[in-house]
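Undergrad:
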DNA sequence: TGACAAGAACCGACCGGCCGGTACAGTAAA
DNA sequence: TTTACTGTACCGGCCGGTCGGTTCTTGTCA
């Protein structure tokens, strides 16, 4: 097995353990066991716990960022492009469709990214700095849209709020409300199920 | 000093330490030191770490819940009452006004509540169960508003998303954007600065 | 082709420190 | 006398980190 494969395997195992048994169980020993690797093997790829956590964050963060940015680039309609990309990437239209065509991220990756971010913030404030930079850039670009910037930001915030709810157990993916919220948000930014540039029935002119 | 005063002192100290040095530094020894109490003193009031964490969560949660519910009860205008209450309680109009008239919560309490919730979720999933119950009840009541339920929920979610952003360092209270977001949200639910039942210039009919 | 050196990838026993928790004797106030 | 602590000493476990060693892979050269 190549080095990169093992690294990925470790990152995924770390999140799997954290998701199942809580963030505190993301110890070197547990992660090693979960990944089917020895502790020394983990330490070989990530010389310290901090580097493991930031490595995990980077691993998931890159996947999310790539997907979101590509969706924006592919979207012909500039209006609400940012928020629409986030929604289609982070909310699969229906919980059951595991599309492998690369048009959306699997819940595992999305939740993993979230968990990794919280894990980083918990372990040491310095670890989220790279993520912070990415977030700030994204924020700035989104807000540079003169008309709809703030409105899109609110959609983004709502999505993140939903993650927080999930984290503290206030909502679960399989609840009907979860899909309802996704539908309302999607409607707000004109993201139909399969027609990205579709016109929403709901969102009237909200701004100004 | 009475027992309850000491309990409060310990709870506040726990959050102070966590906010300053990270969640992991919320150890029994550190909390005791921060509170100016011996470790035995902490263990006297909270027989275990779990009980300390859930006690802290309860301490801050009660303050937030009380304030939010009272605001709702005092509001003569039923439309968007829930979301409006949250906003006025959790977003002070301007960062500098420390009103002691009890019309809003201090940022310390709000952030403390947030930190406590995350701390509980991190330490052990079971600890947030009481908070979960409160949240679910609140959610249900809010959604029972047939017209504006989901719209208010989005405001709530955005507020929580903003907390998450704060936690991972994506935004700070003193940034102009923070106040801007507050203003937009307040406008959406018709919460003017000092006229709770005011009509917003922005939020048109969004629903249906 | 095959022997072999060299480094990359990985193993797992071990260590020191910290953390949650216990035990208990003492004390000041109500 | 009860309540509300203080202070100290201690324990067992876990966790991050170290280290000497092993196995796998790859390039080199006769």
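Chains as they are written, first to last, in the working numbering: chain A, 12 to 219; chain B, 12 to 219. Note that beta-carbon positions come from the ideal geometry of N, C-alpha and C, so glycine has one too.
1. Is any beta-carbon of chain A found at less than 8 Å from that of residue 69 of chain B?
2. Residue 143 of chain A CB to nearest chain B CB: under 8 Å?
3. Are the C-beta of residue 187 of chain B and some C-beta of chain A separated by less than 8 Å?
4. Please report the straight-line C-alpha distance between residue 143 of chain A and residue 166 of chain A, rounded to a whole angstrom.
5. Looking only at its chain, what residues have a beta carbon closer than 8 Å to the beta carbon of residue 50 of chain B, apart from the 5 residues adjacent to it on each side?
6. Please compile the residues from chain B whose C-beta is within a distance smaller than 9 Å of the C-beta of residue 134 of chain A.
7. If you draw a straight line from the C-alpha of residue 19 of chain A to the C-alpha of residue 80 of chain A, how long is it?
8. Return yes when the Cβ of residue 136 of chain A is within less than 8 Å of the Cβ of residue 52 of chain B, no when it is not.
9. Kindly indicate which three-state DSSP category residue 108 of chain B falls into: helix, strand or coil?
10. When you compare the CB positions of residue 29 of chain B and residue 126 of chain B, do they come within less than 8 Å of one another, or not?
11. DSSP state of residue 115 of chain A, grouped into three classes?
12. What separation, rounded to the nearest whole angstrom, lies between the Cα atoms of residue 132 of chain B and residue 33 of chain A?
13. Answer yes or no: do residue 116 of chain A and residue 74 of chain A have a C-beta to C-beta separation smaller than 8 Å?
14. Measure the C-alpha to C-alpha separation of residue 65 of chain A and residue 83 of chain B and round it to an integer number of angstroms.
15. Would you tell me roughly how many angstroms separate the C-alpha atoms of residue 31 of chain B and residue 86 of chain A, rounded to the nearest one?
16. Using beta carbons (cut-off 8 Å, strictly below), is residue 195 of chain A in contact with chain B?
17. Going along the chain, which residues of its own chain have a beta-carbon closer than 7 Å to the beta-carbon of residue 76 of chain A, five neighbours each way excluded?
18. What is the DSSP secondary structure of residue 134 of chain B, counted as helix, strand or coil?
19. Put residue 59 of chain B into one of helix, strand or coil per three-state DSSP.
20. Which residues in chain B sit within 8 Å of residue 52 of chain A, going by Cβ to Cβ distance?
21. With DSSP collapsed to three states, give me the class of residue 39 of chain A.
22. Closer than 7 Å between beta carbons: that is the criterion. Which residues of the segment 19-33 of chain B meet it against chain A?
23. Residues in the same chain with beta-carbon distance under 6 Å from residue 92 of chain B, minus the five sequence neighbours each way, listed in chain order, please.
24. I need the DSSP call for residue 90 of chain A, collapsed to helix, strand or coil.
25. Does the beta carbon of residue 76 of chain B come closer than 8 Å to any beta carbon on chain A?
26. Shortest alpha-carbon distance to residue 139 of chain A belongs to which of A/70, A/95, A/94, A/27?
27. Would you mind giving the Cβ-Cβ distance between residue 164 of chain A and residue 98 of chain A, rounded to the nearest angstrom? I have them listed as a contact below 8 Å.
28. What residues from chain A crowd round residue 170 of chain B, counting only those whose CB sits closer than 9 Å?
29. With a cut-off of 8 Å on the beta carbons, I'd call residue 168 of chain B and residue 72 of chain A a contact; round off their distance for me.
30. Does the beta carbon of residue 178 of chain A come closer than 8 Å to any beta carbon on chain B?
31. Which runs of the alpha helix (DSSP H), 4 residues or longer, sit entirely within the segment 151-188 of chain A?
32. Measure the C-alpha to C-alpha separation of residue 56 of chain B and residue 158 of chain B and round it to an integer number of angstroms.
33. What residue from B/120, B/88, B/154, B/59 has the CA that sits closest to residue 102 of chain B's CA?
34. Which of the three DSSP states, helix, strand or coil, is assigned to residue 75 of chain B?
35. Please report the residue range of the alpha helix (DSSP H) in which residue 26 of chain A lies.
TA: Looking at the atomic coordinates:
1. no
2. yes
3. no
4. 19 Å
5. 39, 40, 43
6. 33, 34, 35
7. 22 Å
8. no
9. Residue placement at residue 108 of chain B cannot be trusted, given a pLDDT of 48 that sits under 50; what the coordinates show is reported in the next sentence. Here residue 108 of chain B sits in coil by DSSP.
10. yes
11. coil
12. 8 Å
13. yes
14. 43 Å
15. 43 Å
16. yes
17. 145
18. helix
19. coil
20. Within chain B, no residue comes near residue 52 of chain A; the closest Cβ sits about 25 Å away, beyond 8 Å.
21. helix
22. 33
23. 83, 86
24. coil
25. no
26. A/70
27. Their Cβ separation, rounded to whole angstroms, is 13 Å, which puts residue 164 of chain A and residue 98 of chain A out of contact at 8 Å.
28. 168, 172
29. In fact, because the Cβ distance is near 22 Å, the residues do not count as touching under 8 Å.
30. yes
31. 160-178
32. 46 Å
33. B/120
34. helix
35. 14-32
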